Amino acid sequence: MLLMPIRSETSAPPRTASKFTAAIGALIRIADPLILVGGALLAYRIRFGTWHLQKDYVSLVVITTLFGLLIFGSSSLYRSWRGRGLGAELMHLGLCWLLICTGVLFYTTLIQMIGELSRLWLGAWFGLSLAGAASIRIVLRGCASWARARGMDLRTAVIVGGNPDAQRIVDTLHRNPWMGIKVVGWFATSADRCALHGIRPMGRVDRLAAFVEARHIDQVWIALPMREQGQIAYVLRQLDFSTADIKLLPDLFGLQLLNHSVEQIGGLPVLNLRSSPLDGPAHLIKATMDKVLASLILLMISPLMIAIAIGVKLSSPGPVFFRQLRHGLGGKPIEVWKFRSMRVHQEEDGKVTQARKNDSRVTPFGAFLRRTSLDELPQFINVLQGSMSIVGPRPHAIAHNEQYKTLVDRYMQRHRVKPGITGWAQVNGLRGETDTVEKMARRVEYDLYYMQNWSPWFDLRIILMTVFKGFVNKNAY
């Protein structure tokens, strides 16, 4: 479901804007610099036992606070929360905070100040300030949700035309009063494909402008097919003298979208129907998480990996590691590392034989490794090399790609992100042999869900689920 802003809140302030909304916005703008300064003071107290910062620390705190306010303001962090979930807001905050921290480290390194600062103080300051900024937003969001659920601080909206997406958005708003958007009516056109249920009809579209002006409507949503450009232009002309926000719900005729969005190129609006879910700052966050976590995990499990390597050598002749070609990001071939779990054998050219239950090629020690997923541990090397992520769709054999890409809908969309050591499909029990198209289709369904709903918190959730329930599985053999 795609919502294109034609004329947004930046063009004019909402006419029913309440003092409540203004107060929340002001509180956040005041709280952010106070949290940055307070976090620095508290971290200094923790590290040095005093509240009195040295001169160099004071100057850094002042510069960082000003830089932080610039980043927060320019990145639209202070835009209205209306219609945007808490997870998206916190992710946005995390991206801004990562940029601030990177800027601080770069600045202190550039002026050769980094060696004079306490690393513990820096880490505590960054962590405390981020926690404080997130906490104040959670609390104020709770207050706003409470007020909106009781009919306060609402934006009014009307819908022009009708399509299935418009009905879904209306149903969503009815189920989620915390969004604070109240649809008060809809106007019919000759191009309508369906009526909207649960909304009062207000007549034909030629009455729209008078209604918007008389009722001080904040938003007008146009739910017309893209082919009805004449009708859309007529609605826009009617609203030339209105300050209401105007949004378009294009009817895309059931197209299968992936991370769709609207952007401007050369001043022209462009619809992204399928794009990588991990472009821009999100890519930086995931890459940083991958490198840091993979390094820490490899350090912790190195004794275990040495023990496994010895076990592999003792179990059967051959190399410790097994490398197999898989498709990576963009469908490009990569070499995936594993501990060898089978006896050395030669496959026929182009043939890929999946491991089966009681497979004679698998050694007893290899069966243990496969059952517990310990054979996958060398793939943390792939993560450090940049060819894989810790979390993502599992890489399939190249021959399997050729087999399933024509049989499973949207199969190749999995390659818009790096493959992972673990994934949403795996922690939900979809592991082991895929001997039917239905099994593969179900895996792909889970992979696409992960891609469409990615966040750092989703990755951490999958990692924790892997630790507690994903290592041992009856389907892994």
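Following full-length UniProt numbering, the residues of the sequence shown are numbered contiguously, the last one being 477.
Just so it is clear, CB atoms sit at the ideal spot from N, CA and C, and this is done for glycine as well.
Note that the structure is predicted; figures quoted are calculated from it, not measured.
Exercise. State the Cα-Cα distance for the pair Ile-301 and Pro-393, rounded to the nearest angstrom.
Key: Within the sequence shown, residue 301 is the residue found at index 301, counting from 1. Within the sequence shown, residue 393 is the residue found at index 393, counting from 1. When rounded, the distance between both Cα atoms is 23 Å.
Quiz prompt | Arg-416 versus Asp-218, Met-388, Leu-298 and Ala-441, residue with shortest Cα-Cα distance | solution = Walking along the sequence shown from the start, residue 416 turns up at place 416. Checked all of Asp-218, Met-388, Leu-298 and Ala-441; the closest Cα to Arg-416 is Met-388.
Self-check item: the region 364 to 377 contacting the region 441 to 453, beta-carbon criterion three pairs below 8 Å
Solution: In the pairwise beta carbon analysis, the region 364 to 377 is classified as not touching the region 441 to 453: fewer than three pairs are separated by under 8 Å.
Exercise. Assign Glu-335 to one of three DSSP states: helix, strand, or coil.
Key: Here residue 335 refers to the residue found at position 335 when the sequence shown is read from its first residue. Strand.
Quiz item: Where Lys-418 and Lys-332 are concerned, what is the direct C-alpha to C-alpha distance, given to the nearest angstrom?
Solution: Taking the first residue of the sequence shown as position 1, residue 418 is located at position 418. Taking the first residue of the sequence shown as position 1, residue 332 is located at position 332. Going from the Cα of Lys-418 to the Cα of Lys-332 covers about 10 Å.
Practice problem: Please go through the same chain and pick out, in chain order, the residues whose beta-carbon is closer than 8 Å to the beta-carbon of Lys-469, but skip the five residues on each side of it. | Solution: Along the sequence shown, one-based indexing puts residue 469 at 469. So the qualifying residues of the chain are Val-427.
Quiz item: Buried or exposed: which applies to Arg-431, given that a residue is buried once 16 or more other Cβ atoms fall within 10 Å of its Cβ?
Solution: Mapped onto the sequence shown, residue 431 falls at position 431. With a 10 Å radius around the Cβ and a threshold of 16 neighbouring Cβ atoms, Arg-431 comes out buried.
Quiz item: For the ligand MN, is there a heavy atom less than 8 Å away from the beta-carbon of Ile-334?
Solution: Of ligands this structure carries none, so the ligand MN is not represented either.
Quiz item: Does DSSP classify Gly-185 as helix, strand or coil?
Solution: Translated into the one-based positions of the sequence shown, residue 185 becomes position 185. Three-state result, Gly-185: strand.
Exercise. Compute the Euclidean distance between the alpha carbons of Lys-338 and Leu-140, then round it to the nearest angstrom.
Key: Locating residue 338 in the sequence shown gives position 338, counting from the first residue. Locating residue 140 in the sequence shown gives position 140, counting from the first residue. Their backbone Cα atoms lie some 48 Å apart in a straight line.
Practice problem: Would you decide whether Tyr-57 is buried or exposed? Buried here means 16 or more other CB atoms lie within 10 Å of its CB. | Solution: Mapped onto the sequence shown, residue 57 falls at position 57. Buried.
Quiz item: Around the C-beta of Arg-207, are 16 or more other C-beta atoms found within 10 angstroms, so that it is buried, or is it exposed?
Solution: The residue given as residue 207 occupies position 207 in the sequence shown. Exposed, since its Cβ has fewer than 16 Cβ neighbours within 10 Å.
Quiz item: Helix, strand or coil for Gly-203 per DSSP?
Solution: The residue labelled residue 203 in the question sits at position 203 within the sequence shown. Strand.
Practice problem: Sort out for me which residues DSSP pairs Trp-221 with in a bridge. | Solution: Your numbering for residue 221 matches position 221 in the sequence shown. Bridge partners of Trp-221: Ile-159 and Lys-247.
Exercise. Give the straight-line distance between the Cα atoms of Ile-390 and Leu-293, rounded to the nearest whole angstrom.
Key: Residue numbering aside, residue 390 sits at position 390 when the sequence shown is read from its first letter. Residue numbering aside, residue 293 sits at position 293 when the sequence shown is read from its first letter. Taking the straight line joining both Cα atoms gives about 8 Å.
Practice problem: In the DSSP assignment, find the unbroken beta strand (DSSP E) run with Ser-389 in it and report its ends. | Solution: By one-based count along the sequence shown, residue 389 stands at place 389. The continuous beta strand (DSSP E) containing Ser-389 extends over residues 389 to 391.
Exercise. Measure the CB-CB distance between Ala-157 and Ile-181 and report whether it falls below 9 Å.
Key: On the sequence shown, position 157 is the one that residue 157 refers to. On the sequence shown, position 181 is the one that residue 181 refers to. In this structure, Ile-181 lies closer than 9 Å to Ala-157 by Cβ.
Quiz item: For Phe-241, does the three-state DSSP call read helix, strand or coil?
Solution: Translated into the one-based positions of the sequence shown, residue 241 becomes position 241. Phe-241 falls in the coil class under three-state DSSP.
Quiz item: So what's Tyr-477 in DSSP terms, helix, strand or just coil?
Solution: Residue numbering aside, residue 477 sits at position 477 when the sequence shown is read from its first letter. Note that Tyr-477 scores a pLDDT of 47, beneath 50, so its modelled location is shaky; the value from the coordinates is reported in the next line. It is coil, neither helix nor strand.
Quiz item: Measuring CA to CA, which of Leu-130, Asp-435 and Arg-119 is closest to Gly-94?
Solution: Taking the first residue of the sequence shown as position 1, residue 94 is located at position 94. Residue Leu-130 is the option with its Cα nearest to Gly-94.
Quiz item: Bridge partners of Arg-323, per DSSP?
Solution: In the sequence shown, residue 323 corresponds to position 323, counting from 1. Looking at the DSSP assignment, Arg-323 forms a beta bridge with Trp-337.
Quiz item: Residues in its own chain within less than 7 Å of Lys-313 by CB, not counting five upstream and five downstream?
Solution: Numbered from 1 along the sequence shown, position 313 holds the residue referred to as residue 313. Hits under 7 Å: Val-320.
Quiz item: Per DSSP, Thr-422 is paired with what?
Solution: Taking the first residue of the sequence shown as 1, we reach residue 422 at position 422. Its beta-bridge partners are Val-391.
Self-check item: Touching by the beta-carbon criterion (3+ pairs, under 8 Å), the region 37 to 49 and the region 114 to 134
Solution: They touch, by the three-pair rule.
Self-check item: Start-to-end residues for the alpha helix (DSSP H) that takes in Val-58
Solution: Position 58 of the sequence shown, counted from the start, is the residue given in the question as residue 58. 55 to 74 is the extent of the alpha helix (DSSP H) around Val-58.
Quiz item: For residue 506, which residues from the same chain have a beta carbon less than 7 Å from its beta carbon, with the 5 sequence-adjacent residues on both sides left out?
Solution: Residue 506 is absent from the structure shown; the chain starts at 1 and stops at 477.
Practice problem: Report buried or exposed for Pro-250, applying the criterion of at least 16 other Cβ atoms within 10 angstroms of its Cβ. | Solution: Residue 250 sits at position 250 when you count from the first residue of the sequence shown. Pro-250 should be labelled buried.
Quiz item: On the three-state DSSP scale, how would you describe Met-440?
Solution: As a first step, residue 440 must be located in the sequence shown, where it is residue number 440. Looking at Met-440 - three-state DSSP - the assignment turns out to be helix.
Exercise. Please determine, among Asn-176, Ile-136 and Leu-224, the residue with the shortest C-alpha to C-alpha distance to Gln-151.
Key: Along the sequence shown, one-based indexing puts residue 151 at 151. Just to set this straight, residue 151 is Gly in the shown sequence, not Gln. Nearest option by C-alpha distance: Asn-176.
Exercise. Drop a sphere of 10 angstroms on the beta-carbon of Pro-456, count the other beta-carbons inside from all chains shown, and report buried for 16 or more, exposed for fewer.
Key: Residue mapping note: residue 456 aligns to position 456 of the sequence shown, counting from 1. Per the 10 Å Cβ criterion, buried.
Quiz prompt | Pick from Lys-286, Val-467 and Asp-171 that is closest to Asn-372, judged by C-alpha positions | solution = Numbered from its first residue, the sequence shown carries residue 372 at position 372. Looking at the sequence itself, residue 372 is Thr, so the reference to Asn does not match. Looking at the Cα atoms, Val-467 is the closest of the given residues.
Quiz item: How should Pro-378 be labelled, buried or exposed, when 16 other C-beta atoms within 10 angstroms of its C-beta is the threshold for buried?
Solution: Within the sequence shown, the letter at position 378 stands for residue 378. Burial state of Pro-378 is buried, judged by a 10 Å Cβ sphere holding 16 or more other Cβ atoms.
Quiz item: Quick one: what does DSSP say Thr-16 is sitting in, helix, strand or coil?
Solution: Mapped onto the sequence shown, residue 16 falls at position 16. In this prediction, Thr-16 scores a pLDDT of 42, lower than 50, which makes its location untrustworthy; no coordinate-derived value is stated.
Practice problem: Would you list the residues sitting across from Met-342 in a DSSP beta bridge? | Solution: If you number the sequence shown from 1, residue 342 lands on position 342. Answer is Val-362, bridged to Met-342.
Self-check item: Buried or exposed (CB count within 10 angstroms, at least 16 for buried), Val-344
Solution: The residue given as residue 344 occupies position 344 in the sequence shown. By the neighbour-count rule (16 or more Cβ atoms within 10 Å), Val-344 is not buried but exposed.
Quiz item: For Ser-43, which residues from the same chain have a beta carbon less than 7 Å from its beta carbon, with the 5 sequence-adjacent residues on both sides left out?
Solution: As a position in the sequence shown, residue 43 is number 43, starting the count at 1. Note on identity: in this sequence residue 43 is Ala, with Ser being the wrong assignment. For Ala-43, where only same-chain residues beyond five positions count, the Cβ hits under 7 Å are Trp-121, Ala-124, Trp-125 and Leu-128.
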